[in-house]
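Colleague: First the structure, which I've put down as structure tokens, then a few questions once you've had a look.
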Amino acid sequence: MAKRIQVRLIMQLHADGMSQDDIATSRHMSKSSISKVLAVAREKNITYADIKDKDDTAVYKMFFPDNLLTEDIYELPDYDAVSEEPKQVGVTMMNLWKEYKDKCREHGTIAVGKTKFFDDYAKYRQTHDISNHLEHKPGERCEVDWSGPTMKVVNRYTGEAITVYLFVSCLTYSRYAYVEATLNMKMDTWLRCRVHMYEAFGGVPTRTICDNLKTGVVKHPKEGEVILTDAYEMLGLHYMTAIMPAAVRKPKQKASVENTVGNIATAVIASLRHRTYYDVSSLQEAIRVAVKRYNDQSFQKRTGSRSSILEEEKRYLRPLPAVPYEVSTLVPDRKVYPNCHVSLLKNWYSVPYIYRGKKVDVRYTETTVEIFFDHQRIASHPKFPDYVTNRYSTHASDMPDEFNKPEMDQERMCAWASTIGPNTREVIDRIFRSVKLKEQGYNAALSVLHLSRHYSNDRFEDACQIALANTTSPRYKYLKAILASNQGLVLRERKTTQNKPEISQTEDNASGAYVRGASYYGGGAHDDQ
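Positions 204 to 732 (the working numbering) are the ones given, in order, by the sequence shown.
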């Protein structure tokens with residue numbers, strides 16, 4: 204299905220001070236789409252603060268009235284003017300809010316609430332304050348990388364030394380560092396380290412600057428869009444942070460983490476070099492202690508330590524989402540079958556019956572399956588383990604009521620099977636006995652019955668007889684294999700031979716021919732010798 208313009212994300216990144224080029228580059232969005240959104244925002248005086256609590260659909264309709272017209276009812280404060288007033292003696296933010304309310308009353312418009320006024324002004328100052336003598340602003344960005352130097356753990360049984368890689372990151376304002384030991388540098392590991400990093404920071408910065416690792420960045424040309432992998436893109440969306448790979452061969456774009464990597468080599472690797480660790484968890488605990496000591500050290504040319512300044516910076520970090528990110532896979536355009544289920548990884552998951560015949564998107568993690576229609580989640584299920592196949596996860600509420608039965612129900616399927624023969628009827632009965640809800644058997648039963656249309660009743664009955672003798676619940680693929688290999692014809696020929704009467708020489712044999720009976724070929728005495 205076509206993707207909507209991500210209006211809320213564009214407004215948020217723009218409110219955080221990102222240029223249109225940066226937004227387009229980091230999120231690989233169309234510049235024309237970004238320009239259109241910002242033009243509508245300017246025209247209607249809509250800010251990110253006005254939409255941050257709305258869902259994506261409501262925000263989209265708010266910006267594009269071709270779907271549903273929604274007009275902005277607030278007169279927004281002029282924060283450029285507001286920011287100049289506190290410089291005057293005796294002027295407080297409470298004074299400014301009351302003056303703003305009085306102005307709206309005079310204009311006959313609606314003022315935003317006090318909390319919103321104060322919060323929006325704080326965000327305005329965060330993105331517009333250029334008086335900070337430091338190069339980096341609090342909460343603005345963090346930098347992440349793999350450390351070049353590595354460490355080792357020892358297999359206690361074989362004595363083998365195993366390489367351990369170090370994920371290193373830091374917030375550029377406080378220089379607060381986070382380090383994690385891993386056994387590989389694969390994408391799943393990289394993403395999990397990022398989740399743990401945000402948890403260690405206690406929040407999420409506006410931008411995350413990373414290296415051009417092959418597992419996360421598909422393409423980073425000198426000109427044009429940076430293309431991230433789907434999983435990396437979804438992590439950024441989940442934590443509402445802009446993933447921005449540094450330009451190729453330009454380490455200064457992530458100088459903070461490059462410097463931290465060098466310091467970590469001293470603070471962690473050198474300090475632990477004389478110790479032996481037999482597993483990653485014990486090494487990680489030692490690293491945690493060493494990094495804490497590093498973060499708690501006082502700066503030489505700056506007041507405080509990394510840990511103390513982090514407490515100040517936390518106020519500017521985005522709050523962590525209620526649920527941590529899980530590595531996920533998106534499967535678009537899956538068909539909802541007549542049995543109200545979607546097929547995924549050889550298992551079946553139900554959706555509300557009103558979506559039968561439609562196309563949906565399926566997103567799954569290691570533990571959960573979520574199903575979306577028109578960007579809205581319509582169903583969620585625990586995911587079956589990878590070793591489980593042909594199982595159904597069904598919510599009873601997804602199934603249709605009796606008055607909304609499918610055109611072909613169990614009774615009609617059984618009646619159809621009976622017209623073919625008793626073996627076919629038994630196959631259909633076993634299919635329905637193998638499921639908890641009858642609707643779960645519709646697809647399997649119909650597949651078998653539709654297969655019968657391509658063969659005579661006798662031949663299909665023979666195939667069903669063979670299947671019933673060899674499996675408890677025959678299905679379409681099993682029967683099709685029997686029919687394709689002509690096993691049913693062999694059974695039919697055997698039946699014909701068994702039912703054919705033995706012919707021997709009699710007085711009525713007008714031809715006078717001598718015909719041997721079956722006993723001759725069975726090894727009995729031969730009278731003609």
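For each residue, glycine too, the CB sits at the ideal point set by N, CA and C.
All values derive from a computational prediction rather than experimental measurement.
#1: Tell me which residues share the same chain as N542 and place their Cβ nearer than 6 Å to its Cβ, disregarding the 5 neighbours each side in the sequence.
#2: Specify the secondary structure class of L386 as computed by DSSP and reduced to three states.
#3: Give me the residue from N689, V483, Y679 with the minimum Cα distance to I365.
#4: Relative to the alpha-carbon of R476, which residue among M354, A672, V240 has its alpha-carbon at the smallest distance?
#5: Rounded to the nearest angstrom, how far is the Cβ of K586 from that of V572, given a contact under 8 Å?
#6: Taking buried to mean at least 16 other C-beta atoms within 10 Å of its own C-beta, is Y368 buried or exposed?
#7: Can you find at least 3 beta carbon pairs, one from the stretch 245-258 and one from the stretch 307-327, that sit closer than 8 Å?
#8: Below 6 Å, is the gap between the Cβ of N673 and the nearest heavy atom of the ligand ZN?
#9: Does the Cβ of G177 have 16 or more other Cβ atoms within 10 Å, making it buried, or fewer, making it exposed?
#10: Check whether the Cβ atoms of V357 and T432 sit closer than 7 Å, and answer yes or no.
#11: Assuming L654 and A670 make a contact with CB atoms under 8 Å, what is their CB distance in whole Å?
#12: Could you give the distance in angstroms between the alpha-carbon of A218 and the alpha-carbon of M296?
#13: What residue range is occupied by the uninterrupted alpha helix (DSSP H) comprising M232?
#14: Which whole-angstrom value is the C-beta distance of A434 and L394, which I expect to be below 8 Å?
#15: Based on DSSP bridge pairs, tell me the residues matched to L533.
#16: What three-state label does DSSP hand F635 in the structure shown?
#17: Compare the Cα-Cα distances from L686 to each of Y658, P677, E246, P555 and report the closest residue.
#18: What ranges does the beta strand (DSSP E) occupy inside the stretch 340-367, keeping only unbroken runs of at least 3 residues that lie completely in it?
#19: So does the stretch 663-679 actually touch the stretch 625-634, counting three or more Cβ pairs closer than 8 Å?
#20: If you draw a straight line from the alpha carbon of T265 to that of V240, how long is it in whole angstroms?
#21: Report back the beta-carbon spacing between D564 and F575 to the nearest angstrom; my notes put them in contact at under 8 Å.
#22: With a 10 Å radius around its C-beta and 16 neighbouring C-beta atoms as the bar for buried, classify I634 as buried or exposed.
#23: Helix, strand or coil for R198? Go by DSSP, reduced to three states.
#24: So, helix, strand or coil for M611, using DSSP?
#25: Between which two residues does the alpha helix (DSSP H) containing R308 stretch?
#26: Identify whether L279 lies in helix, strand or coil by the three-state DSSP scheme.
#27: Output the distance between the C-alpha atoms of R397 and V371, rounded to the nearest integer angstrom.
#28: Whose C-alpha, out of P603, D632, H598, A599, is nearest the C-alpha of E614?
Modeller: Let me lay it out:
#1: Closer than 6 Å at the Cβ level, and outside the excluded window around N542, lie E642, Y645, N646.
#2: L386: coil per DSSP, three-state reduction.
#3: Of the candidates N689, V483, Y679, V483 places its Cα closest to the Cα of I365.
#4: When each option's Cα is compared against that of R476, the closest is M354.
#5: In this structure K586 is in contact with V572, their Cβ atoms being roughly 5 Å apart against a cut-off of 8 Å.
#6: Answer is buried; the Cβ neighbour count reaches 16.
#7: Because the criterion of three Cβ pairs below 8 Å is met, the stretch 245-258 and the stretch 307-327 touch.
#8: Among the components modelled here there is no ligand, and therefore nothing to report on the ligand ZN.
#9: In the structure displayed, the chain extends from 204 to 732; residue 177 sits before or after that span and is not available.
#10: In this structure, V357 keeps its C-beta atom at 7 Å or more from the C-beta atom of T432.
#11: Taking C-beta atoms under 8 Å as the contact rule, L654 and A670 fail to qualify, at a distance of about 12 Å.
#12: A direct Cα-to-Cα measurement between A218 and M296 gives close to 21 Å.
#13: Secondary structure note for M232: it is in no alpha helix (DSSP H), with a DSSP letter that is neither H nor E.
#14: That belief holds up - the Cβ atoms of A434 and L394 are roughly 6 Å apart, short of 8 Å.
#15: Residue pairing by DSSP puts L533 in a beta bridge opposite R566.
#16: For F635, the three-state secondary structure derived from DSSP is helix.
#17: Nearest option by C-alpha distance: Y658.
#18: The beta strand (DSSP E) runs lying completely inside the stretch 340-367 and spanning 3 residues or more are 344-349, 354-357, given in chain order.
#19: The stretch 663-679 is in contact with the stretch 625-634.
#20: Per the sequence shown, residue 265 should be read as Met rather than Thr. CA-to-CA, the gap between M265 and V240 works out to about 11 Å.
#21: Indeed they touch by this definition, with Cβ atoms about 5 Å apart.
#22: I634 should be labelled buried.
#23: Because the chain spans 204 through 732 in this model, residue 198 falls outside it and cannot be assessed.
#24: Assignment of M611 by DSSP, reduced to helix, strand and coil, places it in the coil class.
#25: Counting along the chain, the unbroken alpha helix (DSSP H) around R308 starts and ends at 296-310.
#26: Here DSSP, grouped into helix, strand and coil, assigns L279 to coil.
#27: Distance between the alpha carbons of R397 and V371 is about 10 Å.
#28: With distances taken between Cα atoms, E614 lies closest to D632.
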